[in-house]
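Below you'll find the structure, written out as structure tokens, and then a few comments.
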Amino acid sequence: MIRAAIFDLDNTLTDFGKLKNEAIRSALLAMQEAGLDLHPQLAFDRIMNFYSEQGWENQKVLDHFIIEQCGYLDYKFLAAGIVGYRQGREAALAPYQYVHPTLIKLLRSGLRLGVVSDAPSREAWLRLVQLNFHHLFDAVVTFDDTGERKPHPAPFQKILEKLNVRPQEAIMVGDWAERDMLGAKRIGMTTVFARYGDLFSTSESGADYEIDRFDQLCEIIQKCNEGEQ
Ligand SMILES: [Mg+2]
């Protein structure tokens, strides 16, 4: 019997790739408007390159970029970039289609809901609160809660403990096969691959189920619970 649904955050509940793209494009426009000489597409590619080398939560990519362009850190350009970044990010942060009504439906059916994210706690909570998701989830586990990243069992064990369910009673939804699906499966959870959020063109997700749309989850949970009541 499935009693809890647990979700990865980025690229499962929200389109994190789109968020980063929009935030950086907006930062570049703001810096250009402030007088920084840049080529929008080349600058965008350069910054995405910084992210892939230094991690997607790196907070210094604009500093690096400005130093590279000017030879020193110009604070007018940095401030313009940060303000532009925040405006772009606010505008782009939204749940995928069908996420909100589906979560409400699952809650009404009596399921407990959790989030397990590898993002640093501060960033994960900022996204959750901005989306008003902090009212919907019974428990949240972020990177700083265990110091381990998926597929390590620690974050999965922690969220199960917080939700007070056994692995067999939980379904895990995520976009990253090697982290979300493998890690959850190893400890005995049912797994659902969020194919709509997959950035790696994964052919074999290794999951028990796959969804192209978030609301397909209801049918899967219903199927899992049929005949077990
Ligand atoms: Mg993800």
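With the numbering used here as the guide, the letters of the sequence shown map in order to residues 27 to 255. For every residue, glycine included, the Cβ atom is placed at its ideal position computed from N, Cα and C. Source: prediction; values computed, not measured.
The Cβ atoms of Leu45 and Arg115 sit closer than 8 angstroms to each other. Per DSSP, the unbroken beta strand (DSSP E) holding Ala196 starts and ends at Ala196 to Gly200. Phe182: member of the alpha helix (DSSP H) spanning Pro179 to Leu189, first to last residue. Contact between the region 92-109 and the region 51-68 is present: three or more C-beta pairs spanning the two stretches fall below 8 angstroms. Here Asp36 is near Ala145, since their CB atoms are less than 8 angstroms apart.
The beta carbon of Ile28 sits closer than 8 angstroms to those of Leu137, Glu195, Ala196, Ile197, Thr216, Ile247, Cys250 and Asn251, all from its chain and outside the five residues before and after it, given in chain order. Taking a C-beta distance under 8 angstroms as the contact criterion, Val218 and Phe182 do not qualify as a contact pair.
Residues Val199, Val218, Phe219, Ala220, Arg221, Tyr222, Leu243 and Ile246 of the same chain have their beta carbon placed closer than 8 angstroms to that of Ile237, with the five preceding and five following residues left out of the count. Residue pairing by DSSP places Ile32 opposite Gly140 and Met198 in a beta bridge.
Within the same chain, Ala165 come within 6 angstroms of Lys188 by CB-CB distance, once the 5 residues on both sides are set aside.
For Ala150, the secondary structure class from DSSP, reduced to helix, strand or coil, is helix. Where Thr217 is concerned, the enclosing beta strand (DSSP E) starts and stops at Thr216 to Ala220.
Setting aside the 5 residues that flank it on each side, Asp206 is surrounded in the same chain by Asp34, Lys176, Met198 and Gly200, each with a C-beta closer than 7 angstroms to its C-beta; the list follows chain order.
Taking Ala117 as reference, the option from Ile32, Glu48 and Gly43 with the minimal CA-CA separation is Glu48.
The C-alpha of Ser147 lies about 14 angstroms from the C-alpha of Gln156. Residue nearest to Ile32 within the set Ser229, Leu225, Lys211 and Gly107 is Lys211 (criterion: CA-CA distance).
Within the model, the alpha-carbon separation for Tyr101 versus Arg192 is close to 52 angstroms. For Leu129, the closest of Phe226, Asp41, Arg72 and Asn158 by C-alpha to C-alpha distance is Asn158. When Phe163, Gly209, Gly110 and Arg153 are compared, the shortest CA-CA separation from Glu174 is found for Gly209. The three-state reading of DSSP puts Thr40 in strand, counting E and B together. Rounded to whole angstroms, the Cβ separation of Phe240 and Tyr124 is 4 angstroms, and the two are in contact under 8 angstroms.
Per DSSP, the beta bridge partners of Glu236 are Phe219. DSSP places Ala203 in the helix class (H, G or I) of the three-state scheme. Contact between Tyr111 and Ser52 holds, since their C-beta atoms are separated by about 6 angstroms, short of 8 angstroms.
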